[in-house]
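Visitor: Here it is, the structure, as structure tokens.
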């Protein structure tokens, strides 16, 4: 039955029906996760381009711990004395700073990178080059020279260990949410993936985190949907996490992935693609070459880079007038997070995930059944 129609045996040169590359963000030490992804890629017949995730626990010169510590200090340095790539002047400081509960609005000087604004309508134009937060971590002569000319201030151990609050909506600070090394590591890893999309000039690229499971017929779904997707799309989210309703109360399950995409307007002549409403799910998404350049330019803006979790950063770009990202989401999803074992972001988070969000036909469950035969 699985091959009765002529279309069942149709082969596509595109990976999973639509992509030039499939990237998977994964820590090299998480061999368990990599094994699962290798099984997934074997079952669905797509090759993987690994993005070695940044490990904030990895010791050594130029390793993850040093990179993330430096990025955190650059965020602190940038927030309180600079704007974009220059020293802040008196006129840059917000005059209307206001505290509202645990929020501080207009908390610090803010400016988007010049190239992000200049090329926002034509992101394929101009060289991406090195700019903004690229100087903070890139391993090339230009970035190293910049860091030598812009050294970080010396901080005490107490100052260095003090966590900063995340910012939100450009220069708004949430005093209750602290910026952690795990958040910065995750964000940096996604930036590495976008850099690779830009470097390879992928027309379409899929980016997965390493705890993903997919619908068995995901290729057919994606190929069919891509024939009807609006031509100016920027990002498509393949997965989501359902909220749990119990006794009339909304309960958010543990983790960093929540969305309400079932409320979005259905794209004409599709069965599950909707305009995004509140996407906070970066375990599975699709970008194109044009949008990867646009997203990357905004995300590396020095006043915005690494200041919040990557899913929040992308969602806020969807809402900000200067970017106006066109975002779509699959609901029901074609990708979910397995939540098997310990998360490197939120720790152990098995309860309330997998049994609340099932695929119609899980590829990983098929693999497990095959191994038991």
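Residue numbers (UniProt numbering): 1 to 373. The beta carbon of each residue, even a glycine, is placed where N, CA and C say it ideally should be.
(1) Considering only the beta carbon of each residue, do residue 290 and residue 329 sit closer than 8 Å?
(2) Let me know the secondary structure DSSP gives residue 161 once reduced to three states.
(3) Under 8 Å between the Cβ atoms of residue 104 and residue 173?
(4) Just the C-alpha distance for residue 126 and residue 194, rounded to the nearest angstrom, thanks.
(5) Which ranges would you report for the alpha helix (DSSP H) in the segment 118 to 144 if only whole runs of at least 4 residues count?
(6) For residue 69, does the three-state DSSP call read helix, strand or coil?
(7) How should residue 136 be labelled, buried or exposed, when 16 other C-beta atoms within 10 angstroms of its C-beta is the threshold for buried?
(8) What residue range does the beta strand (DSSP E) around residue 327 cover?
(9) Under the rule that 16 or more other beta-carbon atoms within 10 Å means buried, what is residue 365, buried or exposed?
(10) Secondary structure at residue 278, three-state DSSP: helix, strand or coil?
(11) Give me the Cα-Cα distance between residue 18 and residue 226, rounded to the nearest whole angstrom.
(12) In whole angstroms, give me the CA-to-CA distance for residue 32 and residue 146.
(13) Kindly indicate which residue of 361, 44 and 133 has the alpha-carbon position closest to the one of residue 150.
(14) Can you find at least 3 beta carbon pairs, one from the segment 358 to 372 and one from the segment 205 to 216, that sit closer than 8 Å?
(15) So, at 8 Å on beta carbons, what are the nonlocal neighbours of residue 307 in its own chain, with the 5 sequence-adjacent residues on each side left out?
(16) Considering only the beta carbon of each residue, do residue 337 and residue 283 sit closer than 8 Å?
(17) Starting from the Cα of residue 55, find the closest Cα among 44, 67 and 47 and give me that residue.
(18) What residues match up with residue 82 in a beta bridge as DSSP calls it?
(19) Taking DSSP as the reference, what is the three-state secondary structure of residue 216?
(20) Considering only C-alpha positions, which residue in the set 270, 358, 109 and 296 is nearest to residue 390?
(21) Would you check if the distance between the CB atom of residue 204 and the CB atom of residue 288 is smaller than 8 Å?
(22) Nearest-angstrom Cα distance between residue 373 and residue 20?
(23) Under the assumption that residue 285 contacts residue 229 (Cβ atoms under 8 Å), give the Cβ distance between them as a whole number of angstroms.
(24) In chain order, what residues of the same chain have a beta carbon less than 6 Å from the beta carbon of residue 190, not counting five sequence neighbours either side?
(25) Assuming residue 65 and residue 59 are in contact, meaning their beta carbons sit under 8 Å apart, how far apart are those beta carbons, in whole angstroms?
(26) If distances are taken between C-alpha atoms only, which option among 331, 116, 371 and 265 comes closest to residue 304?
(27) On the DSSP bridge list, what partners appear for residue 239?
(28) Tell me whether residue 367 sits in a helix, a strand or coil according to DSSP, three-state version.
Guide: Taking the definition as stated:
(1) To locate residue 290, count along the chain shown from 1; it is residue 290. To locate residue 329, count along the chain shown from 1; it is residue 329. In this structure, residue 290 lies away from residue 329, with their beta-carbon atoms at least 8 Å apart.
(2) To locate residue 161, count along the chain shown from 1; it is residue 161. Helix at residue 161.
(3) Counting from 1 along the chain shown, the entry for residue 104 is found at position 104. Counting from 1 along the chain shown, the entry for residue 173 is found at position 173. Going by beta carbons, residue 104 and residue 173 fall inside the 8 Å limit.
(4) In the chain shown, counting from the first residue as 1, residue 126 sits at position 126. In the chain shown, counting from the first residue as 1, residue 194 sits at position 194. Going by the C-alpha atoms only, they are around 17 Å apart.
(5) 134 to 137
(6) Indexing the chain shown from 1 puts residue 69 at position 69. Note: residue 69 maps to helix in three-state DSSP.
(7) Taking the chain shown and counting its residues from 1, the one referred to as residue 136 is at position 136. Its Cβ being crowded by 16 or more others within 10 Å, residue 136 is buried.
(8) Numbered from its first residue, the chain shown carries residue 327 at position 327. Start and end: 327 to 330.
(9) For the purposes of this step, residue 365 is taken as residue 365 along the chain shown, with counting starting at 1. So residue 365 counts as exposed.
(10) As a position in the chain shown, residue 278 is number 278, starting the count at 1. It is coil, neither helix nor strand.
(11) Your numbering for residue 18 matches position 18 in the chain shown. Your numbering for residue 226 matches position 226 in the chain shown. For residue 18 and residue 226, the distance between alpha carbons rounds to 7 Å.
(12) Here residue 32 refers to the residue found at position 32 of the chain shown. Here residue 146 refers to the residue found at position 146 of the chain shown. Rounded to the nearest angstrom, the two C-alpha atoms are 39 Å apart.
(13) For the purposes of this step, residue 150 is taken as residue 150 along the chain shown, with counting starting at 1. Cα-wise, what sits closest to residue 150 is 133.
(14) yes
(15) Position 307 of the chain shown, counted from the first residue, corresponds to residue 307. 75, 79, 166, 167, 179 and 313.
(16) The residue given as residue 337 occupies position 337 in the chain shown. The residue given as residue 283 occupies position 283 in the chain shown. The answer is yes: Cβ separation under 8 Å.
(17) The residue given as residue 55 occupies position 55 in the chain shown. Minimum Cα distance to residue 55 is reached at 67.
(18) Within the chain shown, the letter at position 82 stands for residue 82. Bridge partners of residue 82: 87.
(19) Indexing the chain shown from 1 puts residue 216 at position 216. Coil at residue 216, not helix or strand.
(20) For residue 390 there is no data in the structure shown, the boundaries of the chain being 1 and 373.
(21) Locating residue 204 in the chain shown gives position 204, where the first residue counts as 1. Locating residue 288 in the chain shown gives position 288, where the first residue counts as 1. In this structure, the beta-carbon distance from residue 204 to residue 288 falls below 8 Å.
(22) Locating residue 373 in the chain shown gives position 373, where the first residue counts as 1. Locating residue 20 in the chain shown gives position 20, where the first residue counts as 1. Distance between the alpha carbons of residue 373 and residue 20 is about 34 Å.
(23) Along the chain shown, read from residue 1 onward, the residue named residue 285 stands at position 285. Along the chain shown, read from residue 1 onward, the residue named residue 229 stands at position 229. With 8 Å as the limit, residue 285 and residue 229 do not qualify as a contact, their Cβ atoms being about 14 Å apart.
(24) Indexing the chain shown from 1 puts residue 190 at position 190. So the qualifying residues of the chain are 310.
(25) Here residue 65 is taken as the residue at index 65 of the chain shown, counted from 1. Here residue 59 is taken as the residue at index 59 of the chain shown, counted from 1. At roughly 6 Å, the Cβ-Cβ gap stays under 8 Å, so residue 65 and residue 59 are in contact.
(26) What you label residue 304 is simply residue 304 of the chain shown in a count that begins at 1. Considering only alpha carbons, the answer is 116.
(27) Here the question's residue 239 lines up with position 239 in the chain shown. Note: residue 239 sits in a beta bridge opposite 335.
(28) On the chain shown, residue 367 is found 367 positions in, with the first residue counted as 1. Residue 367: helix per DSSP, three-state reduction.
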